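Taking it in order: structure first as structure tokens, then the write-up.
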Amino acid sequence: MEHIFESLSQFWEYTGFANCSWQNLVMIAIGLVFITLAIVKEWEPMLLVPIGFGMIVGNIPMFPGLNIGVYEDGSVLNILYQGVKQGWYPPLIFLGIGAMTDFSALISQPRLILIGAAAQMGIFGAYLLALLFGFAPNEAGAIGIIGGADGPTAIFLSSKLAPDLMGAIAVSAYSYMALVPVIQKPIMLLLTTKKERLIHMPTPRTVSKKEKIIFPIVGFLITAFIVPSGLPLLGMLFFGNLLKESGVTKRLANTASGPLIDVVTTLIGLTVGASTQADKFISVKSVLIFGLGLLSFVIATTCGVLFVKLMNLFIANPAKKINPLIGNAGVSAVPDSARVSEVVGREIDPTNHLLMHAMGPNVAGVIGSAVAAGILLSFLG
Amino acid sequence: MRKVLTSVLVLLVSALALRAQNVSDLIISEALAQPDSTGILDDYGRRGGWVELYNKSTGTVNFGGCYLTDDRSDLRKSLIPKSDLRTNLGPRQTIILYCSGNGHDGTFYAGFTLAPGKTVYLVSNDGRTVIDSLQIPSGLPLGKSVIKLAPDIRQQHFAPVAEPAVPSPAIVNGDQNAATKGELMKERDPYGWILTVVSVSVVFSALAMLWFLFWLLFDRPAKKKAKDGDASTSPGITKGKRTVILRESEESEVAAAIALALDMEAGGDTYAAIATAVHLYLTEAVHDVEPGIVTIRRSESGWNNKSLNFRKLPK
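Residue numbers (the numbering used here), protein chains in the order written: chain Z, 1303 to 1683; chain U, 8 to 322.
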């Protein structure tokens, strides 16, 4: 009888109830909120469902040493987490993004590329603020990249510059990407007049196949020569796009943009979520990172919209003016931020479709954030 | 001919890839000929001369099968065994080889001893190519070593240092307490303005170059062509047997009309996306060129049904 009680008591010590702390419960609650938002509100379900569930998985209280936790060497979760830690997943996702992305909108209106550059100010604004809050330069760089609104880039850079902060940075980046419609819309309305919102942009010209094939090659050469440290991201992005546009590697392009990106997205979401183990995640730094992440999105959106207004000052022909509502799309949350431009534009004029115009700065933002990540890596890595 | 060219190209690329990280990335980074009483002991508890190898590449290098020698005319004097897994040297790592005079002492023992004035050579596994060498100055004091240093550790260009050094076996030569990039940045740019200005400039320059190039090569000529009255940029709509070429304003009107009709019906993002897609299709802005290939699926018939082709078991 005594042995039975002893065994039961020993078993109790291994249960989640015995090892539970309030921090675990908080993280599980956040995970459930993510899943709810994804299912009920349909906010980035592809990301928030795996991340939310990963948060629950990572925060199940357990007896340490069973070799099952994400931070325990050799455990299944730990092996899957290596893709995040060593930075394998982000380039693979970029390969898929490249194979999915149509750069026509950008090629047909090359001037919109600059909006993608302006919106990267969010990264550097957050970098300056993070330094003010006492973060080390490498940590500040990793936090700043949240402003690029690009989850894989944020994971890639933070894994190199500040691995300890990677969980908070990744969750922050993906969360705010899901909240793009909520964050960007008020800023866009605040910074634009009704007259500006009514601007109809000229129809983009047709883009030839030759241009589409040349773009990834030239784009890669220029950006990689300027920022070689962005090679893993830029190389994969443009390679994926070449697979798509060359027309002779459709099977490879289909795999990269379909099964491959789906598998990697599932794994990256789950493991990033699982990495938010309460004892490593709940800290003042994490709260600061979330605050700075939000500010970086605000700065990026503001700079994008204001930059379009600035460009308009130099465009004499009224028919060629740019609608500032596409300025927000300079952040690289593809295609959510472009969708926000479309929705806000149609609210005031249902005939004004900005989606195709906004896709230009949107894909330029992907390139811009990868370039910015490369620069930060070369300065701080 | 095309196959031959492709094969040559593939072989060339493979050869370059193999060349990327191999024994040529190894250097003799330090050597000590005569230890003093504080010198390190080998596995047999002896004090003697040693050489330090350093892998300056960013990948693991296997130096098994290479040779060490102190005689230029006998490059295969002391073989480093091939079969030992410990001969894999990690990136930017060092290893000590003891010059005990007896190569049979173990994997990391050379069959010669060192003395001031000698030169030690590391020879590739082909037994002919000298990868690196280090001369031990004849006046090297007891207990001092000769080392190679790289002025800029990132460049990894190592050169011998003239002054005798305090031995640092199995430690990467150079300032181990050098500040990290982040620490240097904190010192030089505490508020981050320099990095911000430089980074923003670089991002803008990179994307502005892209813009300029595509504007110059494609956008400007295309617009000029369109301005000259060439309607070929518009694919038109096929109605029956005739193709109607739409002007830009008409294309916009068609798209707007579709969007309005769908919007009035139900509204919402889905219809906006459909309208945009239709518009883009009409202008051929995003639609891919269809290959025009028809795939005929193989249908099952009794002739290729495996179960019907198996021999029935006798009852």
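Note that beta-carbon positions come from the ideal geometry of N, C-alpha and C, so glycine has one too.
Remember, predicted model here, so these are calculated numbers, not experimental data.
Residue i versus residue j - alpha carbon distance
i: residue 1377/Z; j: residue 1367/Z; result: 10 Å
i: residue 91/U; j: residue 71/U; result: 7 Å
i: residue 110/U; j: residue 85/U; result: 6 Å
i: residue 104/U; j: residue 115/U; result: 5 Å
i: residue 1554/Z; j: residue 1545/Z; result: 7 Å
i: residue 1431/Z; j: residue 1450/Z; result: 15 Å
i: residue 1402/Z; j: residue 178/U; result: 48 Å
i: residue 113/U; j: residue 123/U; result: 24 Å
i: residue 286/U; j: residue 1599/Z; result: 31 Å
i: residue 1592/Z; j: residue 1473/Z; result: 9 Å
i: residue 1310/Z; j: residue 1370/Z; result: 22 Å
i: residue 204/U; j: residue 1386/Z; result: 30 Å
i: residue 1358/Z; j: residue 1325/Z; result: 12 Å
i: residue 55/U; j: residue 66/U; result: 30 Å
i: residue 165/U; j: residue 38/U; result: 14 Å
i: residue 1321/Z; j: residue 1452/Z; result: 36 Å
i: residue 1429/Z; j: residue 134/U; result: 54 Å
i: residue 1585/Z; j: residue 1653/Z; result: 48 Å
i: residue 283/U; j: residue 192/U; result: 48 Å
i: residue 125/U; j: residue 119/U; result: 11 Å
i: residue 1391/Z; j: residue 1454/Z; result: 8 Å
i: residue 163/U; j: residue 127/U; result: 21 Å
i: residue 1507/Z; j: residue 1333/Z; result: 45 Å
Opening and closing residue of the beta strand (DSSP E) in which residue i lies
i: residue 37/U; result: 33-39
i: residue 106/U; result: 101-106
i: residue 74/U; result: 74-76
i: residue 128/U; result: 126-130
i: residue 1569/Z; result: It is not in any beta strand (DSSP E) - residue 1569/Z instead sits in the alpha helix (DSSP H) that spans 1563-1576.
i: residue 142/U; result: 137-142
CB of residue i within 7 Å of CB of residue j, strictly
i: residue 1601/Z; j: residue 1424/Z; result: yes
i: residue 143/U; j: residue 153/U; result: yes
i: residue 87/U; j: residue 176/U; result: no
i: residue 211/U; j: residue 1419/Z; result: yes
i: residue 218/U; j: residue 1415/Z; result: yes
i: residue 35/U; j: residue 141/U; result: yes
i: residue 1417/Z; j: residue 1663/Z; result: yes
i: residue 1627/Z; j: residue 1503/Z; result: no
i: residue 1411/Z; j: residue 1603/Z; result: no
i: residue 1529/Z; j: residue 1677/Z; result: yes
i: residue 1580/Z; j: residue 1361/Z; result: yes
i: residue 1684/Z; j: residue 1551/Z; result: Nothing in the structure corresponds to residue 1684/Z, since chain Z is present only between 1303 and 1683.
i: residue 106/U; j: residue 121/U; result: yes
Span of the alpha helix (DSSP H) around residue i
i: residue 1638/Z; result: 1638-1650
i: residue 1513/Z; result: 1511-1528
i: residue 57/U; result: No alpha helix (DSSP H) contains residue 57/U, which is instead part of the beta strand (DSSP E) from 56-62.
i: residue 1581/Z; result: 1580-1583
i: residue 149/U; result: No alpha helix (DSSP H) contains residue 149/U, which DSSP labels as neither H nor E.
i: residue 49/U; result: Segment: none, residue 49/U is in no alpha helix (DSSP H) and carries neither H nor E.
i: residue 116/U; result: Taken as a continuous stretch (DSSP letters only), residue 116/U belongs to no alpha helix (DSSP H), as it is neither H nor E.
i: residue 1607/Z; result: 1586-1615
i: residue 1440/Z; result: 1439-1446
i: residue 222/U; result: Segment: none, residue 222/U is in no alpha helix (DSSP H) and carries neither H nor E.
i: residue 1345/Z; result: Segment: none, residue 1345/Z is in no alpha helix (DSSP H) and carries neither H nor E.
i: residue 1321/Z; result: 1318-1321
i: residue 1400/Z; result: 1391-1402
i: residue 1422/Z; result: It is not in any alpha helix (DSSP H) - residue 1422/Z carries neither H nor E in the DSSP assignment.
i: residue 1539/Z; result: 1533-1548
i: residue 1455/Z; result: 1453-1463
CB-CB length for residue i against residue j, believed under 8 Å
i: residue 156/U; j: residue 117/U; result: Incorrect: roughly 23 Å between the Cβ atoms, too far for contact.
i: residue 1650/Z; j: residue 1499/Z; result: 5 Å
i: residue 1674/Z; j: residue 1422/Z; result: 5 Å
i: residue 60/U; j: residue 82/U; result: About 16 Å; that fails the 8 Å criterion.
i: residue 1606/Z; j: residue 1630/Z; result: 5 Å
i: residue 1470/Z; j: residue 1456/Z; result: About 10 Å; that fails the 8 Å criterion.
i: residue 1407/Z; j: residue 1658/Z; result: 5 Å
i: residue 1531/Z; j: residue 1679/Z; result: 4 Å
i: residue 188/U; j: residue 1389/Z; result: Not quite, the Cβ-Cβ distance comes to about 18 Å (not below 8 Å), so this is no contact.
i: residue 1660/Z; j: residue 1640/Z; result: 4 Å
i: residue 1364/Z; j: residue 1318/Z; result: 7 Å
beta-carbon residue i near the ligand HEM non-hydrogen atom, thresh 6 Å
i: residue 1518/Z; result: For the ligand HEM, the structure offers nothing, since it holds no ligand at all.
(Q) Does the structure place the region 1332-1352 of chain Z close enough to the region 1476-1491 of chain Z that three or more beta carbon pairs sit under 8 Å? (A) yes
**Q.** At least 3 beta-carbon pairs within less than 8 Å: the region 1566-1579 of chain Z vs the region 1354-1374 of chain Z
**A.** yes
Q | the region 1388-1404 of chain Z contacting the region 1529-1543 of chain Z, beta-carbon criterion three pairs below 8 Å | A | yes
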